[in-house]
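In UniProt numbering, the protein residues as written are 1 to 767. Cβ coordinates follow ideal geometry from the N, Cα and C atoms, glycine included.
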Ligand SMILES: Nc1ncnc2c1ncn2[C@@H]1O[C@H](COP(=O)(O)OP(=O)(O)OP(=O)(O)O)[C@@H](O)[C@H]1O
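Okay, structure coming up:
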């Protein structure tokens with residue numbers, strides 16, 4: 001029976017592959033026709049007769065060029081289309097589909113059979129041999145069991161009766177196995193997907209998407225989708241499939257450039273950048289929050305990830321950061337800026353002409369505040385620019401008479417003069433006219449930097465304004481609520497001012513600084529962006545998220561995070577969800593919990609869960625492996641040897657192994673020690689590096705979001721991980737392991753491991 005089924009399915013598969021091959025040939029032909037057309041058209045371009053002697057000749061030439069260009073564009077489009085189609089077919093050929101569903105539409109409908117794969121494929125119009133996994137009907141594969149199942153279509157909900165669900169593993173056009181199932185996606189299929197080795201690039205999960213993940217992927221209703229999920233529960237995986245799904249669902253109205261993903265670091269960008277291309281889609285805009293803010297302030301140096309992670313946890317600094325990163329402060333800044341329109345507190349800078357003051361700041365202030373009280377900040381800014389530009393234009397005539405202009409004309413070379421003459425279409429009536437022309441051109445050129453300064457708002461003194469905001473903060477928000485005295489605040493601001501003089505700004509300060517600037521200049525955000533995704537959202541604060549919402553006012557937000565992995569924001573991440581509740585319409589907000597962890601073996605998940613104080617809800621996926629190991633060494637030299645022993649063991653079985661240190665210097669220490677002992681490894685110092693196979697050594701804060709076959713935690717002793725605050729950090733690091741985990745410690749292991757049930761790990765005590 002089973003044999004027969006396989007035979008029949010293989011015959012069907014052979015037929016589909018055959019049809020795909022035929023379609024490939026056709027596509028290849030279309031490509032070569034389009035290519036030929038493009039070549040011919042390009043040649044014809046050269047033969048267009050250029051007639052520029054008469055006006056009508058010029059018009060004719062322009063029209064021929066335009067017509068030719070249009071034809072060329074069309075051919076290029078059809079070439080691109082055929083090339084995309086061919087690459088989809090090539091992807092389908094080896095593995096055309098992964099599932100089959102037999103169902104009947106209710107009320108006497110015909111029984112139907114569909115096959116689901118990475119993309120749709122039809123041999124005739126409307127005769128689909130394969131359905132795209134994102135098609136509405138494909139949802140029943142992920143969502144339901146046998147029997148009546150509903151799914152969403154653009155026209156509302158439909159219900160069908162599902163009679164068969166079959167899953168395939170196909171390799172190079174041959175069915176390796178198939179399962180009939182009445183579950184959403186069988187565990188066998190998932191198990192075999194998860195037992196694979198990790199690689200430096202994340203893979204798509206379309207054939208094994210789980211029901212809870214499917215709900216995230218296909219959500220269209222909510223403005224805010226907040227996914228709280230355990231480490232390894234597939235948040236990132238689901239969100240990448242979601243982008244692919246959205247691009248399919250809204251094809252024609254949504255392009256990849258209208259989707260932005262904020263990721264925790266650039267290494268992570270590198271890790272996930274193949275998933276969408278593998279699904280046949282272009283990558284969305286992908287950047288870190290600090291890249292996003294940094295590129296707007298080229299003159300300032302924003303604190304780096306490392307500085308942020310390793311900043312001294314001075315008590316005052318912590319309290320001040322809590323204040324600056326709160327939603328209350330965001331509102332306070334909004335109101336502060338609004339009042340600047342009338343309260344005369346806006347800070348200006350002189351407009352300079354070389355070393356001379358061209359328009360003094362007092363004068364600019366006068367203009368700025370001369371407008372009606374009801375003017376919005378943006379209009380006030382535009383009005384001021386207009387006045388300044390008018391003033392600049394008026395000054396051209398008087399400046400033309402200045403001595404320096406005369407001197408410049410006299411000293412100009414023939415070539416320089418010719419450049420200016422080229423801008424004068426006809427002959428001069430007399431010398432006077434010629435002189436006036438030249439002096440005017442010279443002044444206009446000399447005024448260009450002033451015009452630029454006006455256009456780019458350089459007459460606003462944003463640094464001074466930011467400092468003013470910090471200084472008056474005690475008047476706009478209650479310091480006491482954050483446990484800060486006025487004296488302490490003054491001290492904190494003094495430190496920030498000193499840093500700013502050296503062009504440095506804190507990680508929190510930069511959001512405040514840019515928000516203030518945007519308010520002053522009346523920026524209305526990037527309105528064309530439709531979807532914003534924020535991964536590892538627990539490391540964001542409420543101010544940053546409110547600012548992102550301001551920057552992307554028309555976007556729907558999907559926020560993914562794990563409050564148990566808050567390694568930068570610690571406790572304050574707990575209030576984040578509450579604060580988000582006030583930013584989005586509660587009716588259009590959905591919070592989804594993912595509790596099952598897929599990344600690690602059951603042994604690793606059971607172990608890491610107990611590091612947390614509240615990890616009970618985390619459920620392990622039942623994939624067996626070795627118990628994690630804790631290795632205790634008597635000193636550092638011995639610890640290095642113990643790490644080597646583990647690494648040598650892991651190298652026999654795994655491709656991607658990470659040694660994770662707490663800080664950069666911890667990591668450098670072990671990387672160097674390993675090298676000295678002849679153990680080759682790649683030290684990841686900054687997020688700009690690439691992930692590679694083999695052994696990598698990486699500091700904790702750069703390991704975020706990544707995964708490795710085996711992880712060795714370097715020196716998690718009670719001295720390194722001494723504070724309860726570091727529980728989440730240890731959990732984050734340990735949960736990077738897929739198949740094997742070793743935690744090393746010089747002397748006493750951290751007390752953060754005390755809660756873990758002893759039967760969940762083995763101990764190698766070499767102390
Ligand atoms: N439905 C699934 N089918 C196959 N693999 C899956 C599935 N869901 C998750 N995975 C795999 O589990 C691993 C963890 O997924 P992912 O990195 O998306 O988790 P995460 O929730 O973002 O984790 P973290 O918060 O720890 O960074 C990945 O290797 C991913 O491919």
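heavy atom of ligand 1 below 6 Å from residue i C-beta
| i | result |
| --- | --- |
| residue 538 | no |
| residue 263 | no |
| residue 167 | no |
| residue 615 | no |
| residue 204 | no |
| residue 625 | no |
| residue 562 | yes |
| residue 745 | no |
| residue 705 | yes |
| residue 177 | no |
| residue 361 | no |
| residue 235 | yes |
| residue 630 | no |
| residue 598 | yes |
| residue 208 | yes |
| residue 144 | no |
| residue 774 | Nothing in the structure corresponds to residue 774, since the chain is present only between 1 and 767. |
| residue 232 | yes |
Sequence-distant residues of its chain with Cβ nearer than 8 Å to residue i (five each side left out)
| i | result |
| --- | --- |
| residue 453 | 351, 352, 459 |
| residue 499 | 505, 506 |
| residue 769 | Look at the range of the chain in this structure, 1 to 767, and you will see that residue 769 is not part of it. |
Residue i versus residue j - alpha carbon distance
| i | j | result |
| --- | --- | --- |
| residue 250 | residue 62 | 37 Å |
| residue 398 | residue 443 | 10 Å |
| residue 745 | residue 464 | 49 Å |
| residue 690 | residue 718 | 32 Å |
| residue 739 | residue 709 | 5 Å |
| residue 515 | residue 362 | 25 Å |
| residue 743 | residue 714 | 7 Å |
| residue 77 | residue 88 | 17 Å |
| residue 144 | residue 524 | 43 Å |
| residue 106 | residue 112 | 12 Å |
| residue 767 | residue 652 | 26 Å |
| residue 618 | residue 593 | 10 Å |
| residue 303 | residue 294 | 10 Å |
| residue 477 | residue 290 | 26 Å |
| residue 7 | residue 176 | 12 Å |
| residue 245 | residue 271 | 20 Å |
| residue 633 | residue 716 | 11 Å |
| residue 90 | residue 24 | 7 Å |
| residue 734 | residue 307 | 23 Å |
| residue 108 | residue 160 | 11 Å |
Cut-off 7 Å between Cβ atoms - residues of its own chain near residue i, not counting five sequence neighbours on either side
| i | result |
| --- | --- |
| residue 698 | 658, 660, 667, 684 |
| residue 761 | 607, 627, 628, 629, 630 |
| residue 439 | 400, 405, 409 |
| residue 687 | 265, 266, 267, 305, 702 |
| residue 380 | 341, 368, 371 |
| residue 188 | 179 |
Sub-7 Å separation of residue i and residue j beta-carbons
| i | j | result |
| --- | --- | --- |
| residue 521 | residue 457 | yes |
| residue 601 | residue 230 | no |
| residue 319 | residue 137 | no |
| residue 517 | residue 555 | no |
| residue 217 | residue 237 | no |
| residue 140 | residue 131 | no |
| residue 541 | residue 560 | no |
| residue 646 | residue 692 | no |
| residue 349 | residue 461 | yes |
| residue 103 | residue 162 | yes |
| residue 286 | residue 247 | no |
beta-carbon residue i near ligand 2 non-hydrogen atom, thresh 6 Å
| i | result |
| --- | --- |
| residue 712 | Ligand 2 is absent from the structure shown, which contains only ligand 1. |
Contacts around residue i, its chain only, beta-carbon distance under 6 Å, and the 5 residues preceding and following it disregarded
| i | result |
| --- | --- |
| residue 224 | 557, 584, 589 |
| residue 482 | 319, 322, 323 |
| residue 173 | 17 |
| residue 133 | 116, 206 |
| residue 654 | 709, 710 |
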